[in-house]
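These notes concern the structure reproduced below.
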Amino acid sequence: MSLFFTAPDFDDPIGLLLACHNKILSHCETLEQLPAHLVSHGPDEEARQAAGRVLKYFCQAERLHHDDEEQNLFPLLTAYPDFPENLRAPLHNLSLQHRDLEKAWSKLSQDLEAIVAGKEVHLSPTAFIAMNRAHIILENNEIFPVALQLLSRDTLVEIGAAMRARHVGPLT
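Residue 171, in numbering that gives the first Met the number 0, is where the sequence shown stops; the numbers in between run on with no holes.
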């Protein structure tokens with residue numbers, strides 16, 4: 000028995016994607032609380048630090064996470080003959096949702112950068128938060144369980160290796 004939680008690694012690519020979703024949801028909770036904090040306290044140190052943490056995470060992780068799904072997981076699932084027909088359109092739409100999330104993030108990140116700089120802004124993250132939550136529910140509840148059923152251990156290892164190369168570079 001381990002007393003410490005260990006996050007999934009690239010050997011468990013679906014677990015790693017799920018862990019990323021948990022981090023996204025955690026940052027969405029911070030975003031949800033930030034507007035009220037700004038009204039009460041302005042862009043104080045706590046607001047600047049919170050905005051900075053959210054910025055850092057989404058600026059570094061979001062594109063990589065989307066690439067992991069779009070370049071490695073989704074194509075394998077759509078090529079799989081037993082991938083459920085009723086999930087094919089939603090899977091395609093997930094990639095389109097990634098573009099919508101990136102556009103929403105572009106605007107929101109400017110406001111967060113202003114907060115980090117100590118500027119007063121009217122922060123409105125509601126749409127971004129709602130989009131992320133709906134997106135994650137579909138992936139976590141529909142797509143990832145099917146992926147775990149259909150994809151072999153060898154295929155998951157290949158996905159994990161591609162993700163590792165994208166995130167940390169090729170192993171030498």
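Even glycine gets a Cβ: it sits at the ideal position worked out from N, Cα and C.
### Query
Is PHE9 helix, strand or coil by DSSP?
coil
### Query
Would you report the Cα separation of SER25 and GLN32, rounded to the nearest angstrom?
Spanning the two alpha carbons is a distance of roughly 11 Å.
### Query
Is it true that the CB of PHE82 sits closer than 8 Å to the CB of LEU107?
no
### Message
Taking the beta carbon of ILE172 as the centre, do at least 16 other beta carbons fall within 10 Å, making it buried, or is it exposed?
### Response
The structure shown has nothing for residue 172, since the chain only spans 0 to 171.
### Task
Could you check what DSSP says for PRO80 in three-state terms: helix, strand or coil?
PRO80 carries a coil assignment under DSSP once its states are collapsed to helix, strand and coil.
### Task
Please confirm whether ILE13 and ALA146 have their CB atoms less than 8 Å apart.
yes
### Message
Please report the straight-line C-alpha distance between LEU100 and ASP153, rounded to a whole angstrom.
### Response
31 Å
### ASP99, DSSP secondary structure in three states
helix
#### Entry: Minimum Cβ-Cβ distance from GLN32 to chain D less than 8 Å
Chain labels in this structure do not include chain D; a single protein chain is all it has.
### Task
Could you give the DSSP three-state label for ALA88: helix, strand or coil?
Under the three-state reduction of DSSP output, ALA88 falls in the helix class.
### Message
For a minimum of 4 consecutive residues, which ranges assigned as the alpha helix (DSSP H) are wholly contained in the region 12 to 69?
### Response
12 to 40 and 44 to 66
### Task
Quick one: using the 10 Å Cβ neighbour count with 16 as the cut-off for buried, is ASP10 buried or exposed?
Classification of ASP10: exposed, given that the 10 Å Cβ count is below 16.
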